[in-house]
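Colleague: Sequential numbering of the sequence shown, starting at 1, is according to UniProt numbering.
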Amino acid sequence: MPLLPASLRSASTDTLLHALSKRARSDEDLSGRSRLSGTAIGFLIPLFIFFLLVPFACVFCVRRRRALHTQNIVKVVLQSAVERREDAQKKLKGVTQTRGFVGGGKSEDVGVKHVEGTGAEDSTSMDEKECAICLSTLHVPSPPEPAIVAAQVAAMASRPTTPLKAKSLSDFSLSEQEKILRLNVCGHEFHAECLLSWLLVRRYTCPVCRAVYYDKEAEAEKTEQDDQDLESQRQLVESSDAVALEERRRLPGVAV
């Protein structure tokens, strides 16, 4: 076997060593890449879960906040409605009279005297028989007396007669027992709830004759005058307190 020159042997050895070193480096790169892929997967899985759940959590929070906001709005609206109703009832107390019923469907004043000089009489309101706002029955009609046939006259004559009792107010429905208000300015009568609803929609005139039963400007002036009176009383109290404090300071041996 012929011997290779020394230069060729050294070149082949260098080539073999270079190939072995290159293969070793590639193995190291593959092993490092595999370790990096595992670490990346372990980091990406929680990140993926986070980005998957965050939109659902945001949608839930937004819907819950909207529901709470809606509930708060409804609560505020209901409270304001109750306050407006109470304020309207206070206004009606000053411009109306409360009417009630007695046994035979007749009406009578309850705790309030009729205002003279209004230009209306009781007979006018009694003849209307229905509320001009809701167009329903205003006064409860008297119950009819039972019919007596000729065959029962002899039987009734032999027994003691007892007076017939009219239908009491408790026998009527709640709608028939409803309180009736009469306007002081014109004397027209309406259901209390109907007139209250009429006032809540800012109608300050009578539905029948268009007479102004509530003067908003006069009420505002009255409220302003009351506020001024309260302010003057407060200033008077403050001035009296200041005078009393000054007198106490002038007394010898009194520490203020």
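In this text, a Cβ means the ideal position worked out from N, Cα and C, and glycines have one as well.
For my contact list, Leu189 and Ile180 are in at a C-beta cut-off of 8 Å; report their separation, rounded to the angstrom.
Modeller: The sequence as given places Glu at residue 189; Leu does not occur at that position. Yes, Glu189 and Ile180 are in contact; Cβ-Cβ is about 5 Å, under 8 Å.
Colleague: Just mark Gln97 as buried or exposed, buried being the case when its beta carbon has 16 or more other beta carbons within 10 Å.
Modeller: By the 10 Å Cβ count, Gln97 comes out buried.
Colleague: Which residues does DSSP list as the beta-bridge partners of His191?
Modeller: Per DSSP, Ile180.
Colleague: Sort Leu92, Leu245 and Arg99 by Cα distance to Leu195 and report the nearest one.
Modeller: The shortest Cα separation from Leu195 among Leu92, Leu245 and Arg99 belongs to Leu92.
Colleague: In whole angstroms, what is the alpha-carbon distance linking Val82 and Ser197?
Modeller: Going from the Cα of Val82 to the Cα of Ser197 covers about 13 Å.
Colleague: Whose CA, out of Asp241, Glu231, Cys131 and Leu245, lies closest to the CA of Pro207?
Modeller: The shortest Cα separation from Pro207 among Asp241, Glu231, Cys131 and Leu245 belongs to Cys131.
Colleague: Spell out the partners DSSP gives Glu130 in its beta bridges.
Modeller: In the DSSP output, where bridge partners are listed per residue, Glu130 has Thr137.
Colleague: Can the beta-carbon of Leu183 be found less than 9 Å from the beta-carbon of Ala211?
Modeller: A contact, by the Cβ cut-off of 9 Å.
Colleague: Should Tyr214 and Cys186 be called a contact, given that it needs their Cβ atoms to be closer than 9 Å?
Modeller: It is not a contact, given that the beta carbons lie outside the stated cut-off.
Colleague: Please state the DSSP three-state secondary structure of Val74.
Modeller: Val74 falls in the helix class under three-state DSSP.
Colleague: Quick one: grab the DSSP three-state call for Arg85.
Modeller: Three-state result, Arg85: helix.
Colleague: What's the C-alpha gap between Thr205 and His191?
Modeller: Taking the straight line from one Cα to the other gives about 15 Å.
Colleague: Please identify the residue among Asn72, Lys90, Ala57 and Leu199 whose C-alpha is closest to the C-alpha of Ile133.
Modeller: Checking every option, the nearest Cα to that of Ile133 belongs to Leu199.
Colleague: Once the 5 residues before and after Arg84 are set aside, which same chain residues still bring their CB inside 7 Å of it?
Modeller: Contacts found: Leu200.
Colleague: In whole angstroms, give me the CA-to-CA distance for His69 and Glu86.
Modeller: Using only the alpha carbons, I get a separation of about 26 Å.
Colleague: On the criterion of 16 or more Cβ atoms from any shown chain inside 10 Å, does Leu138 qualify as buried, or is it exposed?
Modeller: Classification for Leu138: buried.
Colleague: Look up Arg210 in the DSSP assignment and say whether it is helix, strand or coil.
Modeller: Arg210 falls in the coil class under three-state DSSP.
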